[in-house]
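Numbering (our numbering), first residue to last: 1 to 169. To start, the structure itself, in structure tokens.
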């Protein structure tokens, strides 16, 4: 029986990269839709939902990394240990800057998607600019994560056997 190895850190980085592409797609279509393309606006709306979904997958992958004690990931090692109950492991997701950025970016995407769902056909002339603005903010936060605060960054040497635990504050 062949066992498929699931590389959580690589998958997490891939999801962040795909969410950046999706947000950039949303931004580009939104700008193009400012000239009155309703089809382009519809595509931008789908792009916003796809971006939020990908960010949600990213949050789930990081949560899974905490629950499975994947100490190859520096963030998991810094903010959890093997003795923690599962509820604290999930709370560790936003225990530090890197995970908090991912969590808040997901929430921002969620609010942007909720806006996209609720505004429907109102303010059609403003929607492209609003979606372009929201997606550019999401792009900024994803770039920040990919370039300097990546919650999926790994140890260069052998990973530790246990983590530091959650910050008591």
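Every residue gets a Cβ at the ideal spot worked out from N, C-alpha and C, and that includes glycine.
Is residue i buried or exposed, if buried means 16 or more other CB atoms sit within 10 Å of its CB?
i           : result
residue 112 : buried
residue 22  : buried
residue 98  : buried
residue 36  : exposed
residue 26  : buried
residue 155 : exposed
residue 45  : buried
residue 107 : exposed
For residue i, tell me which candidate among the options has the shortest Cα-Cα distance.
i           : options             : result
residue 61  : 6, 135, 44 and 166  : 6
residue 170 : 80, 145, 167 and 82 : Because the chain in this structure spans residues 1 to 169, residue 170 falls outside the shown range and cannot be described.
residue 54  : 18, 76 and 8        : 18
residue 65  : 90, 42, 44 and 43   : 90
residue 137 : 75, 43, 38 and 48   : 48
residue 148 : 75, 126 and 38      : 75
In the DSSP assignment, what residue or residues form a beta bridge with residue i?
i          : result
residue 15 : Bridge partners of residue 15: none, in fact.
residue 73 : 154
Using 7 Å as the threshold, is the C-beta distance between residue i and residue j below it?
i           : j           : result
residue 40  : residue 33  : yes
residue 140 : residue 105 : no
residue 71  : residue 165 : no
residue 92  : residue 80  : yes
residue 152 : residue 9   : yes
residue 15  : residue 57  : yes
residue 109 : residue 52  : yes
residue 20  : residue 132 : no
residue 181 : residue 77  : No answer is possible for residue 181: it lies beyond the span of the chain, which begins at 1 and ends at 169.
For the pair the stretch 71-90 and the stretch 114-124, tell me if three or more CB-CB distances fall below 8 Å. no
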